Amino acid sequence: MSMDRRQFLKIAGISSILGFGASVASATHTIWEPGLKPPQVEPNPDGLIAKRWAMVVDMSKFKTDEDIKKVTTACHQTHNVPDFRNPDGTVDKKFEVKWIWEEPYERTFPGSENKFMSEHIKDMPFIVLCNHCDNPPCVRVCPTQATFKLPNGITMQDEHRCIGCRFCMAACPYGSRSFNWTDPRKAINPATENKAYPTRTKGVVEKCTFCTERLQFGKLPACVEAAPKGAMFFGDIEDPNSEVRKIVTSQLTIRRKPELGTGPAVYYVIGGSDHA
Amino acid sequence: MKLYDGGKILIGLMVFVGIATFPFYYNIGKVDSKPELKTDTPAIQAWEKQYGKKECVESKEYMRSEHMQLLNNWRDSVVRDMNRQYVSMTSGKKFNMSLQNGCLECHSNKKQFCDQCHNYMAVKPYCFDCHIQPMEKEENKS
Ligand code: SF4
Ligand code: SF4
Ligand code: SF4
């Protein structure tokens, strides 16, 4: 009988829930030993590095729906995110997978609206994505360490280990994660597919990776590149000279649901003046 | 000696033997051709021109027996340790640790390379459930 790794992890996960043996998380913790160590492997010399990656989004720089669509499309095409549609062309909510998308104000910053605030802001769409939290609940609940923190602050997703239990989806307070209910390749256009990036498979959870794979080759995230000038910034928030740090230090920015203590690394500029 | 229900037992035995040996009959004549690997893709030819020989990340023998383990290690190294480059033990050359953008760049003929042995050994690696395989023209049966 042969068993692939995800099947093994599934059984191990279920057994641990039922109380047989040690939990998988602690088991993987002890068995996790890199098979290849430096100097046999090394980072790409052109890679961008940071102590703590962070993003700043200024929605006032998005003038049209088109501007927003450009950004979400850039991400979804770069990462082969499936686009499930109903026969009438609307998004098929049942199968929808999203890494970056649009939410109204009251769903982006719930609880912070008041009845006197400007209609303009209330009606403004906001771009949302995984916040790559400092203290991510998704990582805490993942039984297989398929989602985990990289030292640079990115909440990474290892699809090879994901067993599709969806604990992380229940834990994430931002809805940043999507489950593949069916084979995503059915909803990826082969003409626009990115041949240099994998797809996912049925039964795994996926989300924004802060473009880890692009950073490692010296490129900024695809969404940031596709955004209008001054609308999205990406950099090392621990570096006092970085753009993101300067904006966050000099202006009022807000983060999503800070009261939960997750420590999001995506900051929203609400003012709308010019900066950086 | 009398065999109670002899008929039923004999039929049962025959069915059992039939089922137990089914895999042998089923595969008769199927595994007659040895896998034939082609390493003549444009990328490999270009490499040969530049370096004067065909070479993989490690020696042919090592790759033949260890590529599964190597790929497992590459995967973990890239996804979990943020490494991207592999330094060959054989040649010291550096390689991009990537199935899609590394291995398959040279072995763009998956059907005549990967699949040859995998089919022969009846193993079904699930790599290609996610990793996009190169576009290949259908092999002309000449
Ligand atoms: S936004 Fe959600 S998925 Fe992203 S790190 Fe935070 S909890 Fe995890
Ligand atoms: S579904 Fe989420 S919690 Fe479950 S294994 Fe996959 S990443 Fe981990
Ligand atoms: S950072 Fe990369 S993965 Fe995340 S939303 Fe932007 S383009 Fe997509």
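If you read the protein sequences in the order shown, they are chains F and S. The working numbering applies: residue 1 is where the first sequence begins, and numbers increase by one. The working numbering applies: residue 1001 is where the second sequence begins, and numbers increase by one. Where a beta carbon is used, it is the ideal one built from N, C-alpha and C, also for glycine. Since the model is a prediction, treat every value here as computed from it, not as a measurement.
Check: Pick from S:Q1133, S:F1016, S:W1074 and S:E1066: whose alpha carbon is nearest that of F:K37?
Finding: S:W1074
Check: Using 9 Å as the limit for Cβ to Cβ distance, is F:R245 near chain S?
Finding: no
Next item on the list: Look at the Cβ atom of F:P228, then the Cβ atom of F:K61, and state whether they are nearer than 9 Å.
Entry: yes
Item checked: Inter-residue spacing [alpha-carbon to alpha-carbon] between F:F210 and F:P221 -> 6 Å
Checklist line | Assigned exposure category for S:K1053 - 16 Cβ within 10 Å defines buried | finding: exposed
Note to self: At the level of alpha carbons, what is the spacing between S:A1043 and S:F1113?
What the structure shows: 14 Å
Next item on the list: Compare the C-beta of F:K186 against all C-beta atoms of chain S and say whether one is closer than 9 Å.
Entry: no
Checklist line | Near-chain F residues of the stretch 1041–1055 of chain S (beta-carbon distance less than 7 Å), N- to C-terminal order | finding: none
Note to self: Based on DSSP bridge pairs, tell me the residues matched to F:A54.
What the structure shows: F:G235
Checklist line | Segments assigned alpha helix (DSSP H), at least 4 residues, entirely inside the stretch 148–198 of chain F | finding: 167–171
Next item on the list: Step through the CB atoms of chain F and report whether any lies within less than 9 Å of the CB of S:D1115.
Entry: no
Notebook entry, point to check: Which of the residues in the stretch 185–205 of chain F, read from start to end, lie with their CB under 8 Å from any CB of chain S?
Noted result: E193, K195, A196, Y197, P198, T199, R200 and T201
Notebook entry, point to check: Between which two residues does the beta strand (DSSP E) carrying S:L1070 extend?
Noted result: Segment K1060 to D1081 is the alpha helix (DSSP H) holding S:L1070; no beta strand (DSSP E) there.
Next item on the list: Determine the direct distance from the alpha carbon of F:V204 to that of F:T73, and round the result to whole angstroms.
Entry: 21 Å
Check: Just to confirm, does F:T147 get its C-beta within under 8 Å of one of the non-hydrogen atoms of ligand 1?
Finding: yes
Notebook entry, point to check: Are at least three pairs of beta-carbons, each pair with one atom in the stretch 228–239 of chain F and one in the stretch 50–64 of chain F, less than 8 Å apart?
Noted result: yes
Check: Going straight from the alpha carbon of F:A12 to that of F:M3, what length do you get?
Finding: 12 Å
Item checked: S:K1034 to S:Y1025 span [Cα, whole Å] -> 19 Å
Check: Do F:M117 and F:P104 have their C-beta atoms closer together than 9 Å?
Finding: no
Item checked: Interface flag, F:A25 vs chain S, CB-CB below 9 Å -> Residue placement at F:A25 is poorly supported in this model, since its pLDDT is 49, which falls under 50; the coordinates still yield a value, given next. Judged by the 9 Å Cβ criterion, F:A25 is not in contact with chain S.
Margin query: Tell me which residues of the stretch 1063–1091 of chain S have at least one Cβ-Cβ distance to chain F shorter than 8 Å, keeping chain order.
Written below: Q1069, N1072, N1073, W1074, R1075, D1076, S1077, V1079, R1080, D1081, M1082, N1083, R1084, Q1085, Y1086, V1087 and M1089
Item checked: chain S contacts from the stretch 67–95 of chain F (Cβ-Cβ distance under 7 Å) -> none
Checklist line | Reduced DSSP secondary structure (H/G/I, E/B, other) of F:I247 | finding: helix
Note to self: Residues of chain F with CB closer than 8 Å to the CB of S:C1106, please, in chain order.
What the structure shows: Within 8 Å Cβ-Cβ: nothing; S:C1106 doesn't reach chain F, min ~15 Å.
Check: For S:N1109, which residues in chain F fall below 9 Å Cβ to Cβ?
Finding: Chain F residues near S:N1109: none, gap ~16 Å exceeds 9 Å.
Check: Heavy atom of ligand 2 less than 8 Å from the Cβ of F:F167, yes or no?
Finding: yes
Note to self: Using the three-state DSSP reduction, which class does F:E102 fall into: helix, strand or coil?
What the structure shows: strand
Next item on the list: Just tell me which of S:F1016, S:Q1116 and S:V1079 has its CA closest to the CA of F:G35.
Entry: S:V1079
Note to self: Which of the three DSSP states is assigned to S:Y1126 in this structure?
What the structure shows: coil
Next item on the list: To the nearest angstrom, report how far apart F:E243 and F:G235 are at their CA atoms.
Entry: 7 Å
Next item on the list: State yes or no: is the C-beta of F:I100 nearer than 8 Å to some heavy atom of ligand 3?
Entry: yes
Next item on the list: Report the residue ranges of all alpha helix (DSSP H) runs contained in full by the stretch 47–95 of chain F; include only those spanning at least 4 residues, in chain order.
Entry: 65–78
Notebook entry, point to check: Is F:R5 helix, strand or coil when you go by DSSP?
Noted result: helix
Check: Can you find at least 3 beta carbon pairs, one from the stretch 1120–1134 of chain S and one from the stretch 1097–1111 of chain S, that sit closer than 8 Å?
Finding: yes
Item checked: Beta-bridge partners of F:P125, as assigned by DSSP -> F:P104
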